[in-house]
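Listed in order, the protein sequences are those of chains S and C. The first sequence begins at -7 in our numbering and counts up one residue at a time. The second sequence begins at 12 in our numbering and counts up one residue at a time. A virtual CB, placed ideally from N, CA and C, is assigned to each residue, including glycine. Since the structure comes first, as structure tokens, the remarks are kept for the end.
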Amino acid sequence: MENKVIVITSGKGGVGKTTTTANIGTAIAMMGRKVVLLDTDIGLRNLDVVMGLENRIVFDIVDVVNGNCKLKQALTKDKRYDGLYLLPAAQTKEKSAVSQHQMKNLINELRNEFEFILVDCPAGIEQGFKNAIAGADDAIVVATPEISSVRDADRIIGLLEASGFREPKLIINRLRSKMVKRGDMMDIEDILDILSIELIGVVPEDEYIVISTNRGEPAVTDNVSKAGAAYRRIARRIMGQDVPFLTGDDSSSLVNRFMKLVKLAK
Amino acid sequence: MGAVSALRKKGLFINLKTCDSFADIKVGLIREIENLEQITTGMNVIIDLGDKSITTKQVREIEDVLLDYGLYLKELKANPVSEKPTDEASGENNVFSDMTPYEKTTLICKNLRSGQKVFSQGNVVILGDINPGAEVIAKGNILVMGTLRGMAHAGVFGDEKAIIAAYRLNPTQIRIANHITRPPDGESIVVKSPELARIRAGKVIIEKLKI
Chain S
-7 MENKVIVITS GKGGVGKTTT TANIGTAIAM MGRKVVLLDT DIGLRNLDVV MGLENRIVFD
53 IVDVVNGNCK LKQALTKDKR YDGLYLLPAA QTKEKSAVSQ HQMKNLINEL RNEFEFILVD
113 CPAGIEQGFK NAIAGADDAI VVATPEISSV RDADRIIGLL EASGFREPKL IINRLRSKMV
173 KRGDMMDIED ILDILSIELI GVVPEDEYIV ISTNRGEPAV TDNVSKAGAA YRRIARRIMG
233 QDVPFLTGDD SSSLVNRFMK LVKLAK
Chain C
12 MGAVSALRKK GLFINLKTCD SFADIKVGLI REIENLEQIT TGMNVIIDLG DKSITTKQVR
72 EIEDVLLDYG LYLKELKANP VSEKPTDEAS GENNVFSDMT PYEKTTLICK NLRSGQKVFS
132 QGNVVILGDI NPGAEVIAKG NILVMGTLRG MAHAGVFGDE KAIIAAYRLN PTQIRIANHI
192 TRPPDGESIV VKSPELARIR AGKVIIEKLK I
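Here's what the structure looks like:
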């Protein structure tokens, strides 16, 4: 089976790696593909909470690598979409509970079953990061339009390139177009100037993300959420479709342009 | 003697037409600057010497005097038939002829990202950017064909003639020999041309790169 193993990373914490993993994974599963989300943040697991699957977990990744259970037993099935699975991290262990070698073997085993394997990477550049990237083919770097986040993303891209990732892709998360317009926030161009890697998506700041995280329902399942729509577009780009970039500007959205036309006609 | 100075839109205008010898000119210049009520660092200065001739070396001396006060010579009006043209071009040539030769040059064909570090026993040429958090350290000179946003240290073993040149110079810090400088706080200055950093009169100065 042809499959893609993508690690989602950022260096800095709190920029939206887990939210991104949950949403892209769900969006791909919505298109009828088989996806597994792999949470490698051992000791600080979150992905299960964001997915709303916390209470269904029986076994976790450490149980699998230690042979306490079979891989299939640890794969938690999503409650909404067929073909979407989560392999949760252990909460009571430490990052060192899994080695890079074990991670590679685990991912190779998952390759037999799934088309897309999304690896949610922990923050930082230590053992957890090294584990997460060990078995991946491609990398997506998430950065918010803040200097500190861009710095860390730059560091991560350097480490990824040193580990043989040819073309990491970039997601700019939590962009506020109004602030960019006022000149109070870095714009996309500034970020690309420094990071000089390919952009795969821009996700606007959206309050709905907080709601969806608290509910355990990824934003892509909501038809109104702007962030959800952005994640759906990113998922289509990952699947190789050519999806044009929106300018991210409210006034240029289709509805607004239509409204302007109507006003002009009057 | 009667030198006249005036603050104009282009900068500070100093008239030294009446000074006879070069020694006189220097004395007059220092007196004029001392007489100023306040000096804005980085102010441009225009000096009018009337029809007197002046050598390139003397121009540099004047520039060094101004640099001590944090001023920059923008224009020097002197006799056009002086033995050597006194414009900046001839001064610029000396920048490169002064440089210490190094046998080794390291060529780097990628962007240096945060956390990455390059060290060379000679010169370093980078075909790419140096991002914040990256470091380039060289015994000799450093040439960046992209944007320098990180830290560069030229002449690390004490070569004060070493230079750092970049297509866009926007560093976190620049070090030459044992001098350490950083861009001024506050408003960032955007310069859209290649620039050169070197030591002159005991200070690291940044100037336009003219080749």
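query: How many angstroms separate the CA atom of VAL136/C from the CA atom of SER108/C?
result: When rounded, the distance between both Cα atoms is 18 angstroms.
query: Can you tell me the Cα-Cα spacing of GLY13/C and ASP62/C, whole angstroms?
result: Below a pLDDT of 50, predicted positions are generally treated as unreliable, and GLY13/C, at 43, falls in that range; the measurement from the model is reported next regardless. About 16 angstroms.
task: Sort out for me which residues DSSP pairs ARG211/C with in a bridge.
output: LYS214/C
task: On the DSSP bridge assignment, give the partners of LEU196/S in chain order.
output: Before going further, note that residue 196/S is Pro rather than Leu in the sequence given. LEU167/S, per the DSSP bridge assignment.
field: Local conformation of ALA149/C per DSSP, three classes
entry: strand
task: Taking only beta-carbon positions, decide if ASP74/S is within less than 7 angstroms of chain C.
output: no
query: On the three-state DSSP scale, how would you describe VAL50/S?
result: Coil at VAL50/S, not helix or strand.
query: Measuring CB to CB, does THR32/S end up less than 7 angstroms from VAL134/S?
result: no
field: Partners in chain C for SER188/S, counting only beta-carbon separations shorter than 8 angstroms
entry: Contact of SER188/S with chain C by beta-carbon distance below 8 angstroms involves ASN122 and ASP140.
field: Whole-angstrom distance between ASN55/C and GLU26/C, CA atom to CA atom
entry: In the sequence as presented, Glu is not what sits at residue 26/C; that position holds Asn. Taking the straight line from one Cα to the other gives about 14 angstroms.
Beta-bridge partners of MET162/C, as assigned by DSSP: GLU146/C and GLN184/C
- request: Would you kindly work out how many angstroms separate the C-alpha atoms of LYS9/S and LYS122/S, rounded to a whole number?
  value: 16 angstroms
field: Spatial neighbours of GLY208/S in its chain, beta-carbon cut-off 6 angstroms, leaving aside the 5 residues before and after
entry: Here the set comprises GLY44.
- prompt: Three-state secondary structure (DSSP) at LEU118/C?
  reply: Residue state, collapsed to three classes: strand.
query: To the nearest angstrom, how far is it from the Cα of VAL50/S to the Cα of ALA81/S?
result: 11 angstroms
message: Just to check my reading of the structure: PRO205/C and ALA177/C have Cβ atoms closer than 8 angstroms, yes? What is that Cβ distance to the nearest angstrom?
response: 7 angstroms
- request: Inspect the CB distances between the segment 183 to 202 of chain S and the segment 164 to 171 of chain S and report whether three or more fall short of 8 angstroms.
  value: Short answer: they touch.
query: Taking the alpha carbon of SER125/C as the point to measure from, which residue in ILE34/S, CYS113/S, LYS64/S and SER188/S has its own alpha carbon closest?
result: SER188/S
query: Can you tell me whether VAL202/C is buried or exposed, with buried defined as 16 or more other CB within 10 angstroms of its CB?
result: exposed
- prompt: Is the segment 144 to 152 of chain S touching the segment 51 to 68 of chain S in the sense that three or more CB pairs, one from each, lie closer than 8 angstroms?
  reply: No: fewer than three Cβ pairs fall under 8 angstroms.
- prompt: According to DSSP, what are the bridge partners of LEU29/S?
  reply: Under DSSP, LEU29/S forms a beta bridge with LEU78/S and LEU110/S.
field: ALA135/S, enclosing beta strand (DSSP E) - first and last residue
entry: 130 to 135
task: Can you give me, in chain order, the residues of the segment 53 to 74 of chain C that have a beta carbon less than 7 angstroms from any beta carbon in chain S?
output: none
task: Check each candidate in ASN206/S, ILE53/S, ARG25/S and VAL(-1)/S and name the one with the smallest Cα separation from SER91/S.
output: ILE53/S
query: beta strand (DSSP E) containing THR192/C: first to last residue?
result: 190 to 192
message: Give me the subset of the segment 149 to 161 of chain S whose CB atoms are less than 9 angstroms from a CB atom of chain C, sorted by chain position.
response: ILE149, GLY150, LEU151, GLU153 and ALA154
message: Please state the DSSP three-state secondary structure of VAL229/C.
response: This structure leaves residue 229/C out entirely; chain C is present only between 12 and 222.
- prompt: Should ARG224/S and ALA14/S be called a contact, given that it needs their Cβ atoms to be closer than 7 angstroms?
  reply: Against a cut-off of 7 angstroms, the Cβ pair of ALA14/S and ARG224/S comes out as no contact.
- request: Note down, in chain order, all residues in the segment 181 to 192 of chain C with a beta-carbon under 7 angstroms from any beta-carbon belonging to chain S.
  value: none
- prompt: With burial defined as no fewer than 16 other Cβ atoms inside 10 Å of the residue's Cβ, what is the status of THR84/S: buried or exposed?
  reply: exposed
- request: Excluding the 5 residues preceding and the 5 following LYS162/C in the sequence, name in chain order all residues of the same chain whose CB lies nearer than 6 angstroms to its CB.
  value: A small fix is needed here, since residue 162/C is Met in this sequence, not Lys. So the qualifying residues of the chain are GLU146, THR183 and GLN184.
Under the three-state DSSP convention, the category VAL57/S falls into: Of the three classes helix, strand and coil, the one that applies to VAL57/S here is helix, per DSSP.
message: Let's test the definition: count the other Cβ atoms within 10 Å of the Cβ of ILE200/C and tell me whether it reaches 16, buried, or not, exposed.
response: exposed
- prompt: Would you say ASP146/S reaches chain C, if we count a Cβ-Cβ gap shorter than 7 angstroms as a contact?
  reply: yes
query: Which residue comes first and which comes last in the alpha helix (DSSP H) that contains ILE223/S?
result: According to the sequence shown, residue 223/S is Tyr rather than Ile. From DSSP, the alpha helix (DSSP H) with TYR223/S extends over 218 to 230.
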